[in-house]
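**Student:**
There are 2 protein chains.
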Amino acid sequence: MDNLGDIVGRSLLITRKPVPLRNEVVERLRSAISKQLLPQGARLIERQLCEMLGVSRTLVREALRQLEAEGLVTIIPNRGPSVAVLDRETAKGIYEVRAVLEALAGELFVKRATEEDRQRLRTAFAAGKRALERGDNAGALDEWTRFYDALHAGARNESISAALCPLIGRTHILRLRSWSMPGRRQESMKELEAMLDAVLGDDPARAWESCRTHVLNAAVSALKSFDQETPQPAKPTSRRTKRTASPRE
Amino acid sequence: MDNLGDIVGRSLLITRKPVPLRNEVVERLRSAISKQLLPQGARLIERQLCEMLGVSRTLVREALRQLEAEGLVTIIPNRGPSVAVLDRETAKGIYEVRAVLEALAGELFVKRATEEDRQRLRTAFAAGKRALERGDNAGALDEWTRFYDALHAGARNESISAALCPLIGRTHILRLRSWSMPGRRQESMKELEAMLDAVLGDDPARAWESCRTHVLNAAVSALKSFDQETPQPAKPTSRRTKRTASPRE
DNA sequence: CTTGATATTCCTGTATGCCGTAGTACAATG
DNA sequence: CATTGTACTACGGCATACAGGAATATCAAG
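Chains A and B supply the protein sequences, listed in that same order.
The working numbering applies: residue 35 is where the first sequence begins, and numbers increase by one.
The working numbering applies: residue 35 is where the second sequence begins, and numbers increase by one.
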């Protein structure tokens, strides 16, 4: 059976995969939130988002539901969605969970990652380090997200990534905040270096501990920002507050 | 500034919350899936679901998206949603994650649960035990779900519940399967008793270990069902197969 | 000026119709 | 019997409609 397929192999394969517009919408919103383009507590009016994104309400709604499931958005019935506010307690809880999950990821990475995985991790690490030294915090956020992605990918357990993704997303804001504190970036780098080292080693238990303490350290410095920053409950009094963004000609 | 709010605190807060129909839809579908009313791999045709549930497409779509986020439903672009099939590897991964999360929940329960929490836990345990001894597997599933809910609630960390909820949902099927194996129910009860005991004690480390091993044991017996059961990939060949449900007069 | 009642507006929640396109079963065709 | 053509199904996305709840604005009265 030497049909055409056997002859040309898979070289001609067109890989175009139909990526639903919805995903794009979700990502845009997610990034807008973590970069504080949409500040905490801001109400998210569906139609406004439609205009901003240039998509229909259907998509916006579905995206908002998904973001709600991820905890980035709070939807109050009959009132609508708004950017979730992260209070100290919740943040603490998130870090508690992250700590064990990252630890697990680290352990499994040691056990399962291929050389390719390790290489990707090193690359991502370098990129993140560069961005951080450049002082490009927003960029660094992206790069380090890739680093974590590589780490989780190497752990060969999709459930970990699925569980961690929303948690990490919700702490992005805190991370940005803590990076803008003096000296914190250097500290962060040191921890990350230790973590990388452990994870690239061959001792699962050490990787576990190292990842765990990394997250716990991050938690400490992130939670600090709650104590010193202006509390600023910023009650969403008037609905007009955010209106400035849509001049409506 | 001692206004009224400062005096009475939040004790008088009226919490009446309107429950959106959407949630109902999600729950129905979730339960239908975990009870295998909708078998693995079954295609979920939006309009059929609309008829079955008596709601509009909008709701069905949003519900499906949410279930996808939870991993209970797989949506293939331009092909549509179907009930997610749980293969051995994925299941193993889920249990790996559940193990550490339940362990964390157990540890935190010991540290933070109030007497009321403990009482609720005991109650739920008793109910689950009864259902299990009665041989009512489907009912037991519900009861034990409540047990876990109580456990997680006592851990005072919403992120744990949020992360665990989808994982537990996806393993319901396996749990049902393993309970229908001879002797497994007794075994399961023993483990659960040990776990309850540890969690009601005052040693966080013991609770951690106990919860962890409980999940790992469950994993072992659940994974067995993959090895002995007919693989039954059940390729969804004809689209007519499921059609019997909609006679169309 | 505060309180209470009423009107208004905004926005969500839900339903529905429409079109374009992808995938699939099945017949036609050579 | 393999290929091709065709019709159907169902999703993906958009637009619109409308009821009902909440927040706000307006206004009257004490």
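Cβ coordinates follow ideal geometry from the N, Cα and C atoms, glycine included.
(1) Using only the heavy atoms of the ligand HEM, determine whether one of them is closer than 7 Å to the beta carbon of Met-229(B).
(2) So the beta strand (DSSP E) Ser-214(B) belongs to, where does it begin and stop?
(3) According to DSSP, Val-117(B) sits in a beta bridge with which residue or residues?
(4) Tell me which same chain residues have a C-beta within less than 6 Å of the C-beta of Ala-256(B), skipping the five on either side of it?
(5) Over what stretch of residues does the alpha helix (DSSP H) that includes Arg-154(B) continue unbroken?
(6) Should Ala-196(A) and Gly-105(B) be called a contact, given that it needs their Cβ atoms to be closer than 8 Å?
(7) Using alpha carbons as the reference points, say which of Gln-220(B), Ala-232(B), Glu-80(B) lies closest to Cys-245(B).
(8) What residues from chain A crowd round Pro-54(B), counting only those whose CB sits closer than 8 Å?
(9) With 7 Å as the limit, tell me which residues of the stretch 63-82 of chain B have their beta carbon closer than that to any beta carbon of chain A; keep them in chain order.
(10) Note down, in chain order, each residue of its chain lying with its Cβ closer than 7 Å to the Cβ of Glu-141(B), except the 5 sequence neighbours on either side.
(11) Find the nearest neighbour of Glu-58(A) within the set Thr-179(A), Trp-178(A), Val-89(A), judged by alpha-carbon distance.
(12) Could you give the uninterrupted runs of the alpha helix (DSSP H) lying entirely in the stretch 215-258 of chain B, keeping only those of 4 residues or more?
(13) Please state the DSSP three-state secondary structure of Arg-204(B).
(14) Sort Met-229(B), Ala-228(B), Arg-204(B) by Cα distance to Arg-122(B) and report the nearest one.
(15) Return the Cβ separation of Ala-133(B) and Leu-250(B) in integer angstroms, given the expectation that the two are a contact with Cβ distance under 8 Å.
(16) Pick from Ala-172(A), Tyr-182(A), Leu-83(A): whose alpha carbon is nearest that of Cys-199(A)?
(17) Determine the extent of the alpha helix (DSSP H) in which Arg-180(B) is found, giving its start and end residues.
(18) Determine contact between the stretch 219-233 of chain B and the stretch 142-161 of chain B, defined as no fewer than three beta-carbon pairs at a distance below 8 Å.
(19) Which term fits Val-107(A), buried or exposed, when burial requires 16 or more other beta carbons within 10 angstroms of its beta carbon?
(20) Would you verify that the beta carbon of Arg-99(A) is, or is not, closer than 8 Å to some beta carbon of chain B?
(21) Report the partner residues of Arg-77(B) according to the DSSP bridge assignment.
(22) Give the residues of chain B in contact with Thr-108(A), contact being defined as C-beta atoms less than 9 Å apart.
(23) Taking the straight line between their C-alpha atoms, what separation do you get for Leu-87(A) and Arg-81(A)?
(24) Taking 8 Å as the threshold, find out whether the stretch 157-171 of chain A comes into contact with the stretch 66-82 of chain A through three or more Cβ pairs.
(25) Where do the N-terminal and C-terminal ends of the alpha helix (DSSP H) with Lys-126(B) fall, by residue?
(26) Could one say the Cβ of Ala-197(B) lies closer than 8 Å to chain A's Cβ atoms, at least one of them?
(27) Just checking my contact of Val-131(A) with Leu-78(A) at CB under 8 Å: how many whole Å lie between their CB atoms?
**Tutor:** Put simply:
(1) Of the ligands one can find in the structure shown there are none, so the ligand HEM has no counterpart to examine.
(2) First-last for Ser-214(B): undefined, no H or E at that position.
(3) Bridge partners of Val-117(B): Val-107(B).
(4) Excluding residues up to 5 positions away in sequence, Leu-208, Ser-212 lie with their Cβ nearer than 6 Å to the Cβ of Ala-256(B) in the same chain.
(5) Arg-154(B): member of the alpha helix (DSSP H) spanning 149-168, first to last residue.
(6) Yes.
(7) Taking only the C-alpha atoms, the option nearest Cys-245(B) is Ala-232(B).
(8) The answer, in chain order, is Pro-111.
(9) Of all residues in the stretch 63-82 of chain B, none comes within less than 7 Å of chain A when Cβ atoms are compared.
(10) Cβ neighbours of Glu-141(B) within its own chain (closer than 7 Å, five residues either side excluded): Pro-238, Ala-241, Trp-242.
(11) The residue with the shortest Cα to Cα distance from Glu-58(A) is Val-89(A).
(12) Inside the stretch 215-258 of chain B, DSSP marks whole alpha helix (DSSP H) runs of 4 or more residues at positions 218-234, from first to last along the chain.
(13) The three-state secondary structure of Arg-204(B), taken from DSSP, is helix.
(14) Considering only alpha carbons, the answer is Arg-204(B).
(15) About 6 Å; that satisfies the 8 Å criterion.
(16) Among Ala-172(A), Tyr-182(A), Leu-83(A), the Cα nearest to that of Cys-199(A) is on Tyr-182(A).
(17) Element bounds for Arg-180(B): 171-188.
(18) They touch, by the three-pair rule.
(19) Counting every other CB atom within 10 Å of its CB across the protein chains shown gives Val-107(A) a total of 16 or more, marking it as buried.
(20) Taking Cβ atoms only, chain B reaches closer than 8 Å to Arg-99(A), which makes this a yes.
(21) Looking at the DSSP output, Arg-77(B) sits in a beta bridge with Ser-116(B).
(22) The premise fails here: Thr-108(A) is roughly 12 Å from chain B at the closest Cβ pair, so nothing lies under 9 Å.
(23) Their backbone Cα atoms lie some 10 Å apart in a straight line.
(24) They do not touch, by the three-pair rule.
(25) First-last of the alpha helix (DSSP H) with Lys-126(B): 122-146.
(26) By this cut-off, Ala-197(B) is an interface position.
(27) Going by Cβ atoms, the distance from Val-131(A) to Leu-78(A) rounds to 26 Å, so no, they are not a contact pair.
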